[in-house]
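Working notes, beginning with the structure itself.
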Amino acid sequence: MKRLAGLSTLALIISSTSGCGWLWGDDGYFRDRGSDYLEARQTAAMQMPANVDAKRLDPLLPVPRNVADSTQTPEKFEVPRPQALAVDQQASEFSLQKSGDSRWLVAQRTPAEVWPVAREYFQNNGFRIVDERPQTGEFSSEWQSAKDLAPSMGRRLGSLLSDSDNQVRVHVRIEPGVLRNTSEVFVVSAERDEDSNADVAFPARTGNAPLEASLLDGMLADLSSSAEHGSVSLLAARNYDAPSRVSLAQDGNGNSVLHLSTDFDRAWSSVGRALELGNVRIDDINRSLGVYYVNLAEGAKKPEEEKGFFSSLFGSEPSQEEIDARAERYQVRLTRAAAGDVQVSVEKDINTVAPEDVARRVLSLIQENLG
């Protein structure tokens with residue numbers, strides 16, 4: 217034990233007098249070898265004896281060609297930003313997808329924008345819509361024969377029915393797509409004999425695959441044409457995802473809250489549009505937290521608002537300091553309720569509720585512009 221203590225004392229003395237360079241320095245035993253590969257140099261290939269028949273071994277991790285020489289690279293340099301991916305301007309916003317016998321249409325638009333155009337397509341072709349549920353993105357037509365439809369549609373579908381005199385009806389479903397701000401449109405058909413009064417239910421996936429494919433092809437052309445000639449207004453879109461029931465009430469603490477009878481995705485879309493229609497400035501959003509950051513002292517931002525040269529020169533536009541000085545910033549928060557509904561509240565910050573008069577004013581404004 218004394219011998220071990222003596223060796224420890226000796227090592228401590230040596231390290232304190234001569235430093236730790238022999239241990240941790242650039243040439244020390246425990247030096248950092250993390251950058252040794254930068255000094256590695258390629259050597260000649262190993263040569264086997266002439267009388268040995270060896271099988272060629274390909275390297276598992278071959279060194280790529282045209283590797284930059286570290287001796288020619290400056291110590292400090294800025295990594296260039298990656299080039300943006302080229303976007304094909306001719307690419308359509310709408311496309312058809314297929315999996316087995318199932319087909320559906322994918323739109324680079326929100327469901328609220330696709331809904332009125334898809335509905336108009338079927339109405340223009342003679343389909344009489346008898347059941348529609350905008351909150352779930354669905355509508356259905358009544359039983360009709362091919363001759364009851366528009367002439368071109370009737371001729372096309374008549375040849376695809378199992379009997380040209382049979383009756384047909386369709387069910388259209390518009391869902392949010394996998395990617396944000398996209399939609400998927402599904403069409404299912406049901407068919408029955410002309411003299412039958414049986415209420416044939418819609419199949420789960422597909423009824424008459426060629427007929428449904430023909431409808432999707434026609435809708436694809438119609439949607440593409442609509443996108444080229446104009447866009448759907450907010451007022452038209454609001455009919456799609458407006459909650460079926462909206463009520464202004466109070467929570468257990470007496471704070472005003474707005475109850476929306478819909479799922480979170482549609483509630484988020486409809487509240488954002490209601491704030492815009494109510495001329496409320498949205499400074500920022502955080503969808504994962506369900507929060508709109510609003511400034512009640514300013515009007516809604518409009519895409520066409522650009523500060524002109526003379527307005528900036530003569531100061532007719534308010535400065536950022538003036539905007540910050542008069543700002544009335546609040547948070548409009550959406551929370552999933554236990555019953556599957558969505559609850560909307562107004563807060564000053566995450567720990568402070570907004571004054572009752574402010575909360576009621578904002579929630580009443582949202583309610584008025586929901587539908």
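So the sequence shown is residues 217 to 587, counted in the working numbering.
For every residue, glycine included, the Cβ atom is placed at its ideal position computed from N, Cα and C.
Residue of the options minimising C-alpha distance to residue i
i, options, result
"Asp364", "Gln351, Ser380, Thr352 and Phe355", "Ser380"
"Phe310", "Glu255, Asp317 and Val333", "Val333"
"Val404", "Ser441, Leu550, Ser430 and Asp479", "Ser430"
"Arg542", "Leu277, Val279, Glu514 and Ile566", "Glu514"
"Ala570", "Val322, Leu277, Arg344 and Asn471", "Asn471"
"Ala417", "Asp540, Ser357 and Val487", "Ser357"
"Phe343", "Trp331, Ser361, Gly244 and Arg461", "Ser361"
"Val473", "Gln583, Ala366 and Gly370", "Gln583"
"Met435", "Phe402, Asn413, Glu410 and Pro419", "Phe402"
"Ala437", "Phe338, Ala414 and Val487", "Phe338"
"Asp274", "Ser485, Gly244 and Ala261", "Ala261"
"Arg349", "Lys314, Trp331, Ala553 and Arg552", "Trp331"
"Arg576", "Ala553, Asp467 and Ala555", "Asp467"
"Leu376", "Asn469, Ile345, Ala553 and Ala406", "Ala406"
"Asn382", "Glu410, Ala366 and Gly250", "Glu410"
"Ala554", "Tyr245, Ile345, Asp242 and Asp479", "Asp479"
"Asn469", "Arg272, Gln258, Thr568 and Gly244", "Thr568"
Proximity of residue i and residue j at Cβ, strictly below 8 Å
i, j, result
"Val574", "Val562", "yes"
"Ala490", "Leu579", "no"
"Trp494", "Leu550", "A small correction: the amino acid at residue 494 is Gly; Trp does not occupy that position in the sequence shown. Going by C-beta atoms, Gly494 is not nearer than 8 Å to Leu550."
"Gln216", "Tyr509", "In the structure as shown, the chain starts at 217 and stops at 587, and residue 216 therefore has no counterpart that could be examined."
"Arg319", "Leu432", "yes"
"Met264", "Ala270", "yes"
"Asp540", "His475", "no"
"Met369", "Asn413", "no"
Beta-bridge pairing of residue i - partner residues as DSSP gives them
i, result
"Phe355", "Glu348 and Val388"
"Glu538", "In the DSSP output, where bridge partners are listed per residue, Glu538 has none listed."
"Trp320", "Gln313"
"Asp565", "Thr568"
"Ile501", "Tyr508"
"Tyr546", "Val510"
"Glu400", "Val322 and Glu391"
"Glu407", "Val384"
"Gln360", "Val384"
"Arg552", "Val558"
"Gln466", "Ser472"
Neighbour flag for residue i against chain D, beta carbons, 8 Å
i, result
"Phe418", "Absent here is chain D; the protein component of the structure consists of one chain."
Distance between beta carbons of residue j and residue i, contact taken as under 8 Å
i, j, result
"Arg482", "Gln351", "7 Å"
"Ser477", "Arg461", "4 Å"
"Glu198", "Val322", "Residue 198 lies beyond the range of the chain shown here (217 to 587); nothing can be said about it."
"Glu544", "Leu512", "4 Å"
"Arg372", "Phe355", "Actually they do not touch by this definition, with Cβ atoms about 21 Å apart."
"Val487", "Ala516", "Incorrect: roughly 14 Å between the Cβ atoms, too far for contact."
"Trp359", "Arg408", "7 Å"
Between the region 375-391 and the region 419-427, do at least 3 Cβ pairs fall closer than 8 Å? yes
How about the region 311-328 and the region 391-400: do they share at least three Cβ pairs that are nearer than 8 Å? yes
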